[in-house]
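In this note's numbering, the protein residues as written are 131 to 794.
Just below is one structure, and these are the notes that go with it.
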Amino acid sequence: MKKTGKKNAVLLAVLLAAALVLLFFANTVQTAGGAIQISEGRIETDVGELAYKLYTPRSASAGEKAPGVLLLHGYQNDHETNSAYAIELARRGVVVLSIDEYGHGATAPGLRERGYVNHRVKVNFGEDSEADGTFVEVGGTVRYRLLMNFSNLSFFLDRYTRDDQGNGIWDSSCGGIAAYAYLAGLPQVDPTRLAISGHSMGTWAGWTVAAAYSGTEIEPKATVLQCGELFRDSAYDSDNIHFNNVLLLQAKWDEFSYFRDYQRNVDDTLLRSDLRCEFLGVSPEEAAWDTTFGSFSDGSARRMELLCTNHRLTTHNARGLAVALDWFAQALGYDEPIPAEDQTAMTKEWLVLLAMLCTLGAIFPMTELLLGVPFFAKLRQPLPPKAGIKPRGSWWKNALFTMLLAGLTYPFMTQLGHALLPLPERVFRMTVGNGFVGWYGLLILVMILSCVFGWRSAKKRENFDGWYGMGLGTAEEPERIGWGLLGRAALLTACLLGMMYCMVVLAGLFFRLNLRIIWPFFKTFTLTRLGQFLVYVPIFALFFLLNNSRVMASMRTEATYRPGAAGFFACWWRTALMMAGGVLLIVLIEYIPFFVGIGPGADVLFGSTFGGPFMSLLIVFVPQVLVFSVYCTYFYRRTGSAYAGALTVASMAAWIITGGSSML
């Protein structure tokens, strides 16, 4: 036992040390070996502080002023999502300011500060009409009206941006206007050579910043839109507001309909639409992808670059980034010392991913060490008797039901929770978190009913093993819920998550990095976000407890009892199939029609209301669930109950949701 404990202690130390070494090298990449100075801070505004990350080339100074670029992230992201653009621009001598917009990351003001009105348009702004029903009234929750007004910009005409109840779109830059002024005022920045880039929600913020400073001494010389929406000149005061040198990076498989002008597909029909031709300043016959029209000298340069990627991955698409780098160089008038195709940013992403995996892997030896402590050793108990295992046919029947239920309710219940579920919004402030509350809530009700009926049915059997057989009781008292096990599992989870949190703190403190890849995963909490974690984690915990009870304990097979690595994998793939199979089905339904030119599956089958955020989220959600299934399998086989695994993955899921994503 002592030898095993020593091995686990060594493994724990090696994994954590490896994570720190990987973070060191990732920081070396993001600082270009020391050529870029990185700092973080807060910008004071009238509504609260904006958090930022500033990349300053050491070649830039008050005596040698450099061009500056403001980066604006998308919905549910944070400043680190812009790191590819930030690193590559800073390597080329540009000062880069990347902010956390309203309601995201460590920024204090919530998304409410953007504003909302009680109406929406169903087409691109300027193409709407009350007569044809494309300009309509909306009601419901605040978050629903916010979501319906994401593409409504504060510089648009009052018809769009004000309503008769005193509501308004107050700052669709989400803090970008204040951040741009801050960037322009930095002593090492040339305020006459500034530009903006944004992704998704950040493109609307980018339009707003460009409009706010149009015609001023510090007006942006270029705007780069990574998956942006266009609008007609009639939507705003086009006589007095103009936009210089606009590049639109168009994802071919964009899950959001408004970034496809509400068409099913991105193709040449979209390219030659009246709106797109107006943007390019050409006739339909002249319109072309990947071609620059107009002139940089008078600000009329326009280009639409078609990228073979989806919405979320546009931020790190190498070709799109190269085109943007060339665009900035031409618009801001500097020579690129490094070819646009020479990019290192993804190296940083992969290194940070490996660091995150090492930290996640450290949970296993840490658990083994804790289970060696007498207090936590009481968590370990034998698996229930084999008499309760499911025959193969019965297992597959139940597994298919579980997957279909989870998958087919995902598009509807996540969107319902996201926008319309009547939750107290001063308490439940996480918008995507509310989507999962809606989905998990329905599944919780189904699992409770299944548990009740399963209990009644099982009591009639001779081999009835009570709550113990369901992963919720003890071998000593199988017909009672194991509250003691639950308490110990909660403390075990607190120790494991505490170790992870310390690593996240160290990553930020010494390397100014999070544990993530492209999408935000594990971040330090502000006090407000810690409060939100405590709001959501009980709901997530109940879901995963019931889920683990069903998937791990009630669905036991012969594989559950096989020892060693072979037994683990035989058990794990079944767990993974039930936990991720339903959402994998939705991935296929969404993307196969899209790839063959029919359109995104959710839009085709259910309507565009059910496309967008939760469909695009699947590319990061599915890997998360697969990782969670590893933990659930390990903890159940190691402890004989559902508690430790469920509480661990529930806490991780709630951490990911509340650590940095959108908050009202």
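C-beta: ideal position from N, C-alpha, C; glycine also.
- Secondary structure of Lys-137 (DSSP, three-state): helix.
- Short of 8 Å from the beta carbon of Ala-418, and not among the five residues preceding or following it, lie these beta carbons of its own chain, in chain order: Leu-401.
- Taking one beta carbon from each stretch, the stretch 303 to 310 and the stretch 333 to 343 have 3 or more pairs nearer than 8 Å; the two touch.
- Partner residues in the beta bridge of Tyr-185, as assigned by DSSP, are Ile-168 and Val-226.
- Contact between Ala-689 and Gly-599 is ruled out by a C-beta separation of about 17 Å, above the 8 Å threshold.
- In this chain, the beta strand (DSSP E) harbouring Asp-320 covers 319 to 329.
- Spatial neighbours of Val-750 in its own chain (CB-CB distance under 7 Å, excluding positions within 5 residues in sequence) are listed in chain order as Trp-649.
- When the Cα atoms are used, Thr-474 and Ala-220 turn out to be separated by approximately 12 Å.
- When rounded, the separation of the alpha-carbon atoms in Gln-754 and Asn-677 is 16 Å.
- Secondary structure note for Met-782: it is in no beta strand (DSSP E), and the uninterrupted alpha helix (DSSP H) holding it is 773 to 790.
- In the three-state scheme derived from DSSP, where H, G and I count as helix and E and B as strand, Val-412 is classed as coil.
- Rounded to whole angstroms, the separation of the alpha carbons of Val-562 and Ile-669 is 14 Å.
- Taking C-beta atoms as the reference points, Ala-342 and Tyr-310 count as a pair closer than 9 Å.
- Taking the CA atoms as reference points, Val-576 sits about 10 Å from Val-582.
- By the C-beta density criterion, Asp-733 is buried, having at least 16 other C-beta atoms within 10 angstroms.
- A check of alpha carbon separations from Thr-705 across Met-685, Asp-398, Leu-718 and Leu-616 identifies Met-685 as the nearest.
- Shown here, Asn-440 sits in a strand according to DSSP, grouped into three states.
- In this structure Asn-375 is buried. Its beta-carbon is surrounded by 16 or more other beta-carbon atoms within 10 angstroms.
- Annotation for Gln-295: Asn-248 place their beta carbon closer than 7 Å to its own, counting only its chain and skipping 5 residues before and after.
- Beta bridge pairing from DSSP links Trp-649 with Ile-647.
- The DSSP-derived three-state label of Ala-454 is helix.
- For Arg-250, the enclosing beta strand (DSSP E) stretches over residues 249 to 251.
- Contact between Val-339 and Leu-200 holds, with the beta-carbon distance rounding to 7 Å and staying under 8 Å.
- Distances from the alpha-carbon of Lys-195 to those of Gly-233, Gly-315 and Lys-516 put Gly-315 closest.
- In the three-state reduction of the DSSP assignment, Ala-706 falls in the helix class, which pools H, G and I.
- Pro-723 carries a helical assignment under DSSP once its states are collapsed to helix, strand and coil.
- Under DSSP, Arg-432 takes part in a beta bridge, and its partners are Val-376 and Phe-423.
- The residues Gly-770, in chain order, have a CB closer than 6 Å to that of Leu-513 in the same chain once the five nearest residues on each side in sequence are set aside.
- By alpha-carbon distance to Ala-454, the top candidate from Pro-495, Ser-427, Thr-778 and Thr-421 is Thr-421.
- Taking the CA atoms as reference points, Met-331 sits about 26 Å from Glu-347.
- A direct Cα-to-Cα measurement between Leu-487 and Ala-710 gives close to 19 Å.
- For Ser-746, same chain residues with a beta-carbon under 8 Å away, outside a window of 5 residues either side, are Glu-385, Phe-386, Asn-440, His-441 and Arg-442 in chain order.
- Residue state for Met-685 is assigned as coil, using DSSP reduced to three classes.
- Residue burial is scored here from C-beta neighbours: Asn-370 has fewer than 16 other C-beta atoms within 10 angstroms and is therefore classed as exposed.
- Within the same chain, Cβ atoms closer than 8 Å to the Cβ of Arg-188 are found at Gly-164, Ala-165, Ile-166 and Gln-167, the five residues on either side in sequence being excluded.
- Tyr-205 carries a coil assignment under DSSP once its states are collapsed to helix, strand and coil.
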